[in-house]
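A.B. asks:
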Amino acid sequence: SEFQCPFCKRVEDTLKQVRETYPNDVRIVWKNNALPFHNRALPAAAAAMAAHDQGKFWEYHEKVFAEQQDLEDAKLEAHAVALGLDIAKWKAHIAAQTSKPAIDKDMEQAGQVNARGTPNFFINGRNLVGAVPLDAFKKLIDEELGKAKAKIAAGTPAAEVYAATIKDGRSWEPLDPKVNTFTLDGYPFLGAENGDVVIVEFSDFQCPFCSRVGAPLKALVADPELAGRVKVVFKNFPLGFHEQAKPAATAALAAHRQGKFWEMHDKLFASQQELAADKFSTWAQELGLDMAKFEADVKDPALGAMIEKDMAEGQAAGLEGTPTVYINGRKFEPTSGFSPEAFKPIIAKYFPKK
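Okay, so the sequence shown: first residue is 471 according to the numbering used here, each after it adds one.
#1: Count the C-beta pairs between the region 536-551 and the region 488-503 that are closer than 8 angstroms, then say yes if the count reaches three, no if not.
#2: Taking Cβ positions, are L553 and E529 nearer each other than 8 angstroms?
#3: Figure out for me which residue from E613, G587, V703 has the closest Cα to the Cα of G595.
#4: Excluding sequence positions up to five away, which residues of its chain have a Cβ less than 7 angstroms from the Cβ of Q676?
#5: Using a Cβ-Cβ cut-off of 7 angstroms (strictly less than) and excluding sequence neighbours within five positions of A511, which residues of its own chain qualify?
#6: Throw me the rounded Cβ distance for the V703 and L654 pair, which I believe falls under 8 angstroms.
#7: Which ranges would you report for the alpha helix (DSSP H) in the region 589-636 if only whole runs of at least 4 residues count?
#8: Which first and last residues belong to the alpha helix (DSSP H) in which L546 is found?
#9: Can you tell me whether DSSP reads S471 as helix, strand or coil?
#10: Buried or exposed, going by whether 16 or more other CB atoms sit within 10 Å of the CB of T588?
#11: What would DSSP say about L757, mapped onto helix, strand or coil?
#12: Got a sec? Which residues, its chain only, sit under 6 angstroms from P686 by beta carbon, not counting five neighbours each side?
#13: In three-state DSSP terms, what is T805?
#14: Give the DSSP-derived three-state secondary structure of T792 in the structure shown.
#15: Would you list the one or two residues that DSSP bridges to F659?
#16: Label D767 either buried or exposed according to how many other C-beta atoms from any shown protein chain fall within 10 Å of its C-beta, with 16 as the threshold for buried.
#17: Please list, in chain order, all residues of the same chain as I564 whose beta carbon is under 7 angstroms from its beta carbon, the five residues on each side excluded.
#18: Identify every run of the alpha helix (DSSP H) within the region 764-789, keeping only runs that are complete inside it and at least 4 residues long; order them along the chain.
#19: Do G788 and K779 come within 8 angstroms of each other at the CB atom, strictly closer than that value?
#20: Mind pulling the beta strand (DSSP E) runs of 3 or more residues that sit fully within the region 702-743?
#21: So what's R800 in DSSP terms, helix, strand or just coil?
#22: By the three-class DSSP mapping on this structure, what secondary structure does S673 have?
#23: For the alpha helix (DSSP H) that contains R682, what are its first and last residues?
#24: Between D543 and chain B, is the shortest Cβ-Cβ distance under 8 angstroms, so that the two count as touching?
#25: For the alpha helix (DSSP H) containing Q579, name the first residue and the last one.
#26: Output yes or no for whether 8 angstroms exceeds the beta carbon distance between A740 and F731.
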């Protein structure tokens, strides 16, 4: 769960009903899974974990959800004051990022069990997604209680039932084992030209989800911990139902011929609702492009062929939609979005610095 998600707040009343229905049989464990597009989810998680350090997690958790519309630092501190926490200790906990390893571990674990989005529940390892009604919880809980009682009757101590239940549980692998090969020469890229971590992004300029990927990838390239290692290559995969996606891709590649791909890329994504041929020309002028060359290049069949080649490579690699990202040829499907925090542990695990 996370504190900025409206659905996470909505399900809290249902969880209270679960506790009331099963006062002696159910334990609820909170795991942080801050989504990248909720900019106050991580600060709220850190604040709640600082309250947990003083034995007040659930009380703090209730206050945060009760005033979810305000997750700014002042309000987070006000909750701590209202609960009588040692404020100096609470602030020091946050400033030292004491809970960051635990939060990072939670988010990594969310990826391992394919917990896409929030809220996401696992009842003795069985997944239940979303702010569902009490009956949906009861169905799984009752089934699992039946199994638990059978284990206890067979001699498993009650305290060991959960561990016995999940010992053979399956985990999700966000990095596909299949290694694909892509054409890289001549394509626009960010970062280290000879980096050992090559991230290939297939994107569509009219896709709203694609517009969220650029900033995290730029942040990853700029991360000092990965200095000189990351190369991000952009490939076009215009979807058929986005009528301006292919013309926009062509305009971006025409700008690439004049060394301005990323500048055009940013303009296209910043103005997705305005994509049209006249706008492409306006933006090209704003970027100081040679307009005669730009207008000629957007009509060059070679650029269309380049886009078609991208699409063929994407389809061969199992691409089904956008955005789709590959790390060193392996399809990457993080559960919590394409944030730098999603990439870094995968890079560290599978592609450690040599």
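Note that CB positions come from ideal geometry on N, CA and C, so glycine has one too.
C.D. replies: Short version:
#1: no
#2: If you number the sequence shown from 1, residue 553 lands on position 83. If you number the sequence shown from 1, residue 529 lands on position 59. Going by C-beta atoms, L553 is nearer than 8 angstroms to E529.
#3: The residue you call residue 595 lines up with position 125 of the sequence shown. Ranking the options by Cα distance to G595, first place goes to E613.
#4: Walking along the sequence shown from the start, residue 676 turns up at place 206. Result list for Q676: H712, Q714, A715, A718, Q742, L745, in chain order.
#5: Counted from its first residue, the sequence shown places residue 511 at position 41. Excluding sequence neighbours, A511 sits near E472, F473, Q474, A504, L505.
#6: Counted from its first residue, the sequence shown places residue 703 at position 233. Counted from its first residue, the sequence shown places residue 654 at position 184. Their Cβ separation, rounded to whole angstroms, is 6 angstroms, which keeps V703 and L654 in contact under 8 angstroms.
#7: 604-623, 631-636
#8: Along the sequence shown, one-based indexing puts residue 546 at 76. Residues 543-552.
#9: Locating residue 471 in the sequence shown gives position 1, where the first residue counts as 1. Here S471 sits in coil by DSSP.
#10: Within the sequence shown, residue 588 is the residue found at index 118, counting from 1. Buried, because 16 or more other Cβ atoms sit within 10 Å of the Cβ of T588.
#11: Here residue 757 refers to the residue found at position 287 of the sequence shown. Note: L757 maps to coil in three-state DSSP.
#12: Within the sequence shown, the letter at position 216 stands for residue 686. Answer for P686: F808, S809, P810, listed in chain order.
#13: Numbered from its first residue, the sequence shown carries residue 805 at position 335. Here T805 sits in coil by DSSP.
#14: Counting from 1 along the sequence shown, the entry for residue 792 is found at position 322. Reduced to three states, the DSSP call for T792 is coil.
#15: Numbered from its first residue, the sequence shown carries residue 659 at position 189. In the DSSP output, where bridge partners are listed per residue, F659 has V703.
#16: Reading the sequence shown from its first residue, position 297 is the one you call residue 767. Buried: at least 16 other Cβ atoms inside 10 Å.
#17: Translated into positions along the sequence shown, residue 564 becomes position 94. Result list for I564: A516, A517, A520, in chain order.
#18: 771-786
#19: Here residue 779 corresponds to residue number 309 of the sequence shown, with the count starting at 1. Here residue 788 corresponds to residue number 318 of the sequence shown, with the count starting at 1. The answer is no: Cβ separation not under 8 angstroms.
#20: none
#21: By one-based count along the sequence shown, residue 800 stands at place 330. Note: R800 maps to strand in three-state DSSP.
#22: Along the sequence shown, one-based indexing puts residue 673 at 203. In the structure shown, S673 sits in a strand (DSSP, three-state: E or B).
#23: Here residue 682 refers to the residue found at position 212 of the sequence shown. Here R682 belongs to no alpha helix (DSSP H), and DSSP marks it neither H nor E.
#24: Here chain B cannot be found, since the structure has a single protein chain.
#25: Looking up residue 579 in the sequence shown gives position 109. 570-582 is the span of the alpha helix (DSSP H), which, as asked, contains Q579.
#26: Working through the sequence shown from its first residue, we reach residue 740 at position 270. Working through the sequence shown from its first residue, we reach residue 731 at position 261. The criterion of a C-beta distance shorter than 8 angstroms is not satisfied by A740 and F731.
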